[in-house]
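Note sheet for the following structure.
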Amino acid sequence: SAVISQKPSRDICQRGTSLTIQCQVDSQVTMMFWYRQQPGQSLTLIATANQGSEATYESGFVIDKFPISRPNLTFSTLTVSNMSPEDSSIYLCSAYDPNTEAFFGQGTRLTVV
Amino acid sequence: DAKTTQPNSMESNEEEPVHLPCNHSTISGTDYIHWYRQLPSQGPEYVIHGLTSNVNNRMASLAIAEDRKSSTLILHRATLRDAAVYYCILETSGSRLTFGEGTQLTVNP
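Protein sequence lines, in the order shown, are assigned to chains A and B.
Position in the first sequence (from 1) plus 912 gives the number in my numbering.
Position in the second sequence (from 1) plus 7 gives the number in my numbering.
Set out below in structure tokens:
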């Protein structure tokens, strides 16, 4: 099994600023993903973090707003740029090797004021 | 992307079996069916997954219809700790796990 450490666990940020969330996995994994979850709702996939290349974004999410890095097979970052109150949410990192089980971080609770 | 449909909520009594249904009528031949659950203030937790055959593990059983257009997660004896939101997910192209709305399971003592 894999253990995911996600930092920070929570933050309160001013609108117009940016926040970078880090995701560290304790073993190498093929796939890493970033999700967003509004309170009481399901998870929405933001993008697939590709090792050594640009992330693959889902419809409605763009690189300028959510730049993602994945320099190696155990680490990824998600930046929420030029934040507005609408970006207040929980952001989760996931690690996955196909046809096995996915692991999720505990999430980063972001509040934009 | 292929979509899943689940009841919004279900209720069970402790120590009784629970059958959580999921419809995925647009599933393609290579899509795996995954189930995860999420407890309050935690990230989702893996429960089980399968492709065509029924699957069993220590947590649950997964029954997959012969045409693969539906599946059922079976918790054999519900406990209070099983109260959670259960998500039925199809693993689609690019090995992406796209979540549906999930079923809120309430377990009564």
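For each residue, glycine too, the CB sits at the ideal point set by N, CA and C.
- For E98/B, the uninterrupted beta strand (DSSP E) run begins and ends at A91 to T99, by DSSP.
- By the neighbour-count criterion, in which 16 or more other beta carbons inside 10 Å mark a residue as buried, L957/A falls on the buried side.
- In the DSSP assignment, E18/B falls within the beta strand (DSSP E) that extends over S16 to N20.
- Distance from the CA of L80/B to the CA of Q926/A, rounded to the nearest whole angstrom, comes to 43 angstroms.
- A Cβ-Cβ separation of about 11 angstroms leaves P51/B out of contact with F945/A under the 8 angstroms criterion.
- Counting the other Cβ atoms within 10 Å of the Cβ of T110/B gives 16 or more, which makes it buried.
- Residue contact check for A1014/A against chain B: a CB pair falls below 8 angstroms.
- Selection H31/B, N63/B, I34/B and Y93/B evaluated against Q953/A yields Y93/B as nearest (Cα-Cα).
- Taking a C-beta distance under 8 angstroms as the contact criterion, T59/B and N30/B do not qualify as a contact pair.
- Put simply, the segment 929-946 of chain A touches the segment 976-995 of chain A. At least three CB pairs are less than 8 angstroms apart.
- Between the alpha carbons of L69/B and V1025/A lies a distance of about 44 angstroms.
- When secondary structure is reduced to three states using DSSP, R88/B falls in the helix class.
- If you look at I980/A, you'll find it in the beta strand (DSSP E) that goes I980 to N984.
- Around the beta-carbon of I924/A, fewer than 16 other beta-carbon atoms lie within 10 Å, marking it exposed.
- Along the segment 988-1021 of chain A, going in chain order, the ones with a CB nearer than 7 angstroms to a CB of chain B are L1004, Y1008, P1010, N1011, E1013, A1014, F1016, G1017, Q1018 and G1019.
- For T989/A, the enclosing beta strand (DSSP E) begins and ends at F987 to V992.
- Our two residues, S917/A and D89/B, have alpha carbons roughly 24 angstroms apart in a direct line.
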